[in-house]
Amino acid sequence: MEKIKLLLLGKNNFTYKEDLSKVIQDLKKELIVEEAEMSFEKLIEINDEIQTKKFDRLVIIEDFGSLPFMVLAKFHSNIVAQISDEYSSHMTSEHNGSNIMVIGSQLTGKDTIHNVVKQYVATDFAAGRHMVRIDMLNELV
Amino acid sequence: MKIAIGCDHIVTDVKDKVKKMLENDGHEVIDCGTFDFERTHYPIFGRKVAMQVNEKKADFGVAICGTGVGISNAVQKTFGARTVLVRDAITAIDARKNYDANVISFGGAVTGTGLIYEIIKKFISTKYEPTPAKDELIKKINSLITVKKFEDNLFDEELTKWDKGLYHD
Numbered sequence: 002m003e004k005i006k007l008l009l010l011g012k013n014n015f016t017y018k019e020d021l022s023k024v025i026q027d028l029k030k031e032l033i034v035e036e037a038e039m040s041f042e043k044l045i046e047i048n049d050e051i052q053t054k055k056f057d058r059l060v061i062i063e064d065f066g067s068l069p070f071m072v073l074a075k076f077h078s079n080i081v082a083q084i085s086d087e088y089s090s091h092m093t094s095e096h097n098g099s100n101i102m103v104i105g106s107q108l109t110g111k112d113t114i115h116n117v118v119k120q121y122v123a124t125d126f127a128a129g130r131h132m133v134r135i136d137m138l139n140e141l142v
Numbered sequence: 031m032k033i034a035i036g037c038d039h040i041v042t043d044v045k046d047k048v049k050k051m052l053e054n055d056g057h058e059v060i061d062c063g064t065f066d067f068e069r070t071h072y073p074i075f076g077r078k079v080a081m082q083v084n085e086k087k088a089d090f091g092v093a094i095c096g097t098g099v100g101i102s103n104a105v106q107k108t109f110g111a112r113t114v115l116v117r118d119a120i121t122a123i124d125a126r127k128n129y130d131a132n133v134i135s136f137g138g139a140v141t142g143t144g145l146i147y148e149i150i151k152k153f154i155s156t157k158y159e160p161t162p163a164k165d166e167l168i169k170k171i172n173s174l175i176t177v178k179k180f181e182d183n184l185f186d187e188e189l190t191k192w193d194k195g196l197y198h199d
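Protein chains in written order, with our numbering: chain U, 2 to 142; chain G, 31 to 199.
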């Protein structure tokens, strides 16, 4: 069973715990939830977890989403989707094989966050021709 | 101002329109391609934009693909680049003020040219507001990639495999 980690960064975002946990569990995924304060060091710690395959995909809710994107996208094999709409959500799972999604809660309404997470988790990577771009991204770092 | 712009084949028309808008404002635009709708790969163009900025050939970069996810990752995985993927001006302004972002990324299939243009104008006119803590954070972000992989043949293996039809659905 695919294992999803839901990471709520910053006290304001702890309110998403119940709703988003239900979204992920309803899709029959194994769930790990963590609430934490936002810091560069915390992001490095999370990167270590994803690099060592403690879970398959990571969903981050943070105020703007910019720092988690900037830090985590610097690492080999991480593809981070800093998004706020349903179209990007399923496309990034299907075409980019994104293993990390980060949503800025200060910019995105609660119902949209719910839908974006749902579409992301419900969609699988199509691989095929898209793999050439993933291989290229991995050449970069 | 000198602005490097790049895109993949999904949004060449969007890139061309944004390029014209910026040129009409008197900016010098360095067009990193792609130039048509023939299937190609976003890492090539995201990397080109980021390299132009890193080598000080451009003041800022603009990167566009369908959702912006692929090309923003290509930019961010390039030495010295700091980008964000946005659909709003607030995030773009925040990225300039707090992280001295040097490239702005967009999903051309999810964001209209008018809004892209508006956000770019805000992005390039917002100044970084330095503090010792922000300077330190930017140093930490930059230190995550220490090797400058700017060689021309970086993607040769993937492109050869692509041409041979080894990547297919």
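Ideal Cβ positions, reconstructed from N, Cα and C, are used throughout, including at glycine.
In this structure, DSSP gives residue 188/G a helical state, which the three-state scheme calls helix. Interface annotation for the stretch 81 to 96 of chain G against chain U: 96, criterion Cβ-Cβ distance under 9 angstroms.
The C-alpha of residue 23/U lies about 29 angstroms from the C-alpha of residue 114/G.
Look at the stretch 138 to 168 of chain G: the residues with a C-beta under 8 angstroms from a C-beta of chain U are 139, 140 and 167. When 68/G, 111/G, 53/G and 51/G are compared, the shortest CA-CA separation from residue 76/G is found for 111/G. Residue 2/U and residue 54/U have their C-alpha atoms roughly 14 angstroms apart. Along the length of the stretch 81 to 162 of chain G, whole beta strand (DSSP E) runs at least 3 residues long occupy 90 to 95, 113 to 115 and 133 to 137, reported in chain order.
The Cβ-Cβ distance between residue 105/U and residue 129/U does not fall below 8 angstroms. Burial state of residue 105/G is buried, judged by a 10 Å Cβ sphere holding 16 or more other Cβ atoms. In the DSSP annotation of this structure, residue 107/U is not part of any alpha helix (DSSP H), being labelled neither H nor E.
For residue 73/G, the number of other beta carbons within 10 angstroms of its own is at least 16, and it is reported as buried. By the CB criterion at 8 angstroms, residue 141/U and residue 157/G fall outside the cutoff.
Annotation: Cβ neighbours of residue 104/G in chain U (cutoff 7 angstroms, chain order): 138 and 141.
Neighbours of residue 112/G in chain U, taken as residues at a C-beta separation under 9 angstroms, are given in chain order as 71. Judged by beta-carbon spacing, residue 97/G lies within the 8 angstroms limit of residue 93/U, meaning their Cβ atoms are closer than that value. Here residue 10/U really is in contact with residue 39/U; their C-beta atoms are around 4 angstroms apart, less than 8 angstroms.
Secondary structure note for residue 134/U: it is in no beta strand (DSSP E), and the uninterrupted alpha helix (DSSP H) holding it is 132 to 141.
When the alpha-carbon of residue 137/U is set against those of 121/U, 87/U, 124/U and 79/U, the nearest one is in 79/U. Listed in chain order, the positions of the stretch 25 to 51 of chain U with a beta carbon within less than 8 angstroms of a beta carbon of chain G are 41. Comparing alpha-carbon positions, the option among 51/G, 61/G and 53/G lying closest to residue 38/G turns out to be 61/G. If you draw a straight line from the Cα of residue 36/G to the Cα of residue 48/U, it is about 29 angstroms long.
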